[in-house]
């Protein structure tokens, strides 16, 4: 089975949306990535850190999904990373109410020895130095390194970020971040500039646009009746994308299109309930049905011969 | 050949974008609709009004595209409708600098007698009473009536608009207008409410979403390097949509998907130059090539069996 190394936060989230609010629940980029990737035939390992306050029950939830958790360091005397946010009525914008780094402040990722030969590495949104450290620990160059990042690192650690970007194959960022990173408004031009920074593939999360040289592929967001909680959608996309590619072991552009579709499909489940709840209880049949919806949403029959 | 009746403005536009500005040039909803529809095997007639200041040369341009102009009334002593707008840097928002109704203020549309048996009617953005008058002049119920409208009529003539909406088959509006018309934020729910108002098909122009009962189809905007001038894009979409359906004489949901693709494709040309310039000089081969781009942008190969 293909191995997938995932680095990212495993955290507590407290979320408020127009539909309700939660206490501290399980969250974090690596959590969502891992849950999404667990849908595929891959042997995933999460590299992360939590505090002594992190419930064994949450770790068991991940283990139950066949995710290796030996790379999740537990700092007994420390507290787990905590994020709290409030989503506005449009569900597109949010205020961060609290960010407590806690054990994340001194996080030194350690990739488990038996995963250092993984062919696929998924670098979740974290300090670029942490992402770089994971790359450097790999025994040989992976077939595919996917990086997710955000504007915060462009503002605060741009040099480090650019060094990591040079080493990766696929970057996933949203449209505003692509514009910030390149100073270009046109996403086509922005993608080209990002290609020049290193990544052969650029995924811009607006719907989801996949760029590779002059080729573009687009997967829209499924038009859902209600988005209940957007938290983790981007991570779930990334996890589905990397998980599908690791599981199929085919890194061609054509197969990346399928990976984008799987990523979008899984993300559409993620937003239906608070936190990880929906991802914990998603059946293969439900995924299959939604892939069919995706197909009827986007596929057409014009003959071009 | 199938007949298509088009009602809408034939006008002067003066446009300013970050890329330049124009003097008064040929514009108007019916102009763009007609040019787009002329790409298909249809016999189109434009119902509109212009003033004595309208150049014969512009009318000849439409005739050259095999568009019937016998329904364009010329009010010798009047002036042609004039619109002027300034697009902001994002090319999505604009300021209207001038709107001079002129001859449009007293416009009584007259559908040419030999087009009153047309099977397809395209009601371009105009006062709903004008749109209604065109419907009432048709000899028998057309197979398909498509209506384009905008927030201005929701603000100023809602009752009249709702009466027209009850009589049509397809409505094309943008996402904000769909929300305004229904008071629903979710576009899925908004589309359902619009179904209940009359139209069996709802096209929401955000990318382009086509709703019919529980079916949804989505065509993204092609990611272009630069949008040069968005004026007329929505009308061009509508003209391509209605023209394709009239030309194929197939009003099924499956064929409407193709109509959406053609509409989006033609609109992607429209925005490449000022006004109608690009639409006047678009070859079949260029359209074919762009349809291929559309296909590679959106089609994928996941087998669902």
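Chains as they are written, first to last, in the working numbering: chain A, 38 to 342; chain B, 38 to 342.
Just so it is clear, CB atoms sit at the ideal spot from N, CA and C, and this is done for glycine as well.
What you are looking at is a predicted structure, and each value in this text was computed from that prediction instead of being measured.
Do the CB positions of residue 222/B and residue 77/B come within less than 8 Å of each other? By one-based count along the second chain, residue 222/B stands at place 185. By one-based count along the second chain, residue 77/B stands at place 40. Result no, Cβ atoms of residue 222/B and residue 77/B do not sit closer than 8 Å.
Where residue 256/A falls: helix, strand or coil (DSSP): Within the first chain, the letter at position 219 stands for residue 256/A. Reduced to three states, the DSSP call for residue 256/A is strand.
Threshold first: 4 residues or longer. Then list the alpha helix (DSSP H) segments lying entirely within the segment 167 to 239 of chain B, N to C. 188 to 193, 195 to 202, 212 to 219 and 224 to 234
Between residue 241/B and residue 224/B, how many whole angstroms is the CB-CB distance? I'm expecting something under 8 Å. By 1-based counting over the second chain, the position of residue 241/B is 204. By 1-based counting over the second chain, the position of residue 224/B is 187. That pair is a contact at about 6 Å.
Residue 189/B: which of 172/B, 235/B, 204/B and 133/B sits nearest, CA to CA? Residue 189/B sits at position 152 when you count from the first residue of the second chain. Residue 133/B is the option with its Cα nearest to residue 189/B.
Taking residue 304/B and residue 270/B to be in contact with their CB atoms under 8 Å, please state how far apart those CB atoms are, rounded to whole angstroms. For the purposes of this step, residue 304/B is identified with residue 267 of the second chain, where counting begins at 1. For the purposes of this step, residue 270/B is identified with residue 233 of the second chain, where counting begins at 1. Right, the Cβ-Cβ distance comes to about 5 Å (below 8 Å), so this counts as a contact.
Can you confirm whether residue 332/A, when its beta carbon is compared against all beta carbons of chain B, has any partner nearer than 8 Å? Here residue 332/A refers to the residue found at position 295 of the first chain. It does: the Cβ of residue 332/A has a partner Cβ on chain B nearer than 8 Å.
Distance check for residue 144/A and residue 248/B, CA to CA, integer angstroms please. Counted from its first residue, the second chain places residue 248/B at position 211. Counted from its first residue, the first chain places residue 144/A at position 107. Each residue's Cα considered, the two are about 49 Å apart.
If you scan the segment 254 to 301 of chain B from start to end, which runs of the alpha helix (DSSP H) of 4 or more residues do you find wholly inside it? 270 to 285
With distances taken between CB atoms, is the gap from residue 5/A to residue 69/A smaller than 8 Å? This structure cannot speak to residue 5/A, because chain A is shown only from 38 to 342.
For residue 257/B, decide whether its Cβ has a neighbour in chain A, counting only Cβ atoms nearer than 8 Å. The residue you call residue 257/B lines up with position 220 of the second chain. It does: the Cβ of residue 257/B has a partner Cβ on chain A nearer than 8 Å.
Under DSSP, the alpha helix (DSSP H) around residue 132/B begins and ends at which residues? For the purposes of this step, residue 132/B is taken as the residue at position 95 of the second chain. That residue, residue 132/B, is in no alpha helix (DSSP H); its beta strand (DSSP E) goes 131 to 137.
Does the segment 112 to 128 of chain B touch the segment 74 to 92 of chain B, meaning 3 or more C-beta pairs lie closer than 8 Å? yes
Residue 155/B - DSSP class collapsed to helix/strand/coil: Position 118 of the second chain, counted from the start, is the residue given in the question as residue 155/B. In the structure shown, residue 155/B sits in coil (DSSP, three-state: anything other than H, G, I, E or B).
Could you check if residue 179/B belongs to the surroundings of the ligand MN, using beta carbon to heavy atom distance under 7 Å? The ligand MN is absent from the structure shown, which contains no ligands of any kind.
With DSSP collapsed to three states, give me the class of residue 68/B. As a working mapping, residue 68/B is identified with position 31 in the second chain. If DSSP states are grouped into helix, strand and coil, residue 68/B belongs with the helices.
Exposure of residue 312/B, with buried meaning 16 or more beta-carbon neighbours within 10 Å: In the second chain, counting from the first residue as 1, residue 312/B sits at position 275. The residue in question, residue 312/B, is buried, as its Cβ has 16 or more Cβ neighbours within 10 Å.
DSSP three-state assignment for residue 163/A, whether helix, strand or coil: Position 126 of the first chain, counted from the first residue, corresponds to residue 163/A. If DSSP states are grouped into helix, strand and coil, residue 163/A belongs with coil.
Selection of the segment 319 to 330 of chain A by Cβ proximity to chain B, strictly under 9 Å: 325, 328, 329 and 330
Alpha-carbon to alpha-carbon, residue 307/B and residue 349/B: Residue coverage of chain B in this structure runs from 38 to 342, which leaves residue 349/B outside it and unanswerable.
DSSP three-state call for residue 247/A: helix, strand or coil? Numbered from 1 along the first chain, position 210 holds the residue referred to as residue 247/A. The answer is strand: DSSP assigns residue 247/A an E or B state.
Using the Cβ count rule (16 or more neighbours within 10 Å means buried), how would you classify residue 173/B? Working through the second chain from its first residue, we reach residue 173/B at position 136. Residue 173/B comes out exposed.
Kindly list, in the order they appear in chain A, the residues whose Cβ is closer than 8 Å to that of residue 151/B. Position 114 of the second chain holds residue 151/B. Within chain A, no residue comes near residue 151/B; the closest Cβ sits about 32 Å away, beyond 8 Å.
List, in chain order, every chain B residue whose beta-carbon is nearer than 8 Å to that of residue 252/A. Position 215 of the first chain, counted from the first residue, corresponds to residue 252/A. Going along chain B in sequence order, the residues near residue 252/A (Cβ under 8 Å) are 333.
Between which residues of its own chain and residue 243/B is the CB-CB distance below 8 Å, once the five residues before and five after are set aside? Looking up residue 243/B in the second chain gives position 206. 211, 212 and 224.
Between 193/A, 319/A, 341/A and 301/A, which has its C-alpha nearest residue 332/A's C-alpha? For this step, residue 332/A is matched to residue 295 along the first chain. It is 301/A.
7 Å Cβ shell around residue 290/A - same chain, five flanking residues per side excluded: Here residue 290/A refers to the residue found at position 253 when the first chain is read from its first residue. Contacts found: 249 and 252.
Within 8 Å of any Cβ in chain A, is that where the Cβ of residue 339/B sits? Against the second chain, residue 339/B aligns to sequence position 302. Answer yes: the Cβ-Cβ gap between residue 339/B and chain A drops below 8 Å somewhere.
Measuring CA to CA, which of 73/A, 101/A, 72/A and 47/A is closest to residue 61/A? Position 24 of the first chain, counted from the start, is the residue given in the question as residue 61/A. Out of 73/A, 101/A, 72/A and 47/A, 47/A has the C-alpha closest to the C-alpha of residue 61/A.
Which residues, taken in chain order from the segment 262 to 282 of chain A, show a beta carbon closer than 9 Å to some beta carbon of chain B? 262, 263 and 264
For residue 56/A, the nearest candidate out of 128/A, 93/A and 94/A (CA to CA): Taking the first chain and counting its residues from 1, the one referred to as residue 56/A is at position 19. Cα-wise, what sits closest to residue 56/A is 128/A.
What is the residue span of the beta strand (DSSP E) that residue 85/B lies within? Within the second chain, the letter at position 48 stands for residue 85/B. 79 to 88 is the span of the beta strand (DSSP E), which, as asked, contains residue 85/B.
Coarse secondary structure for residue 127/B, derived from DSSP in three states: Mapped onto the second chain, residue 127/B falls at position 90. Here residue 127/B sits in coil by DSSP.
Here's the rule I'm using: 16 or more other beta-carbon atoms within 10 Å means buried, otherwise exposed. How should residue 186/A be labelled? By 1-based counting over the first chain, the position of residue 186/A is 149. Counting Cβ neighbours within 10 Å, residue 186/A comes out buried, since at least 16 surround it.
To the nearest angstrom, how far is it from the Cα of residue 278/B to the Cα of residue 107/A? As a working note, residue 278/B is residue 241 in the second chain. As a working note, residue 107/A is residue 70 in the first chain. Rounded to the nearest angstrom, the two C-alpha atoms are 56 Å apart.
DSSP three-state label for residue 326/B, please. The residue you call residue 326/B lines up with position 289 of the second chain. Correct three-state label for residue 326/B: helix.
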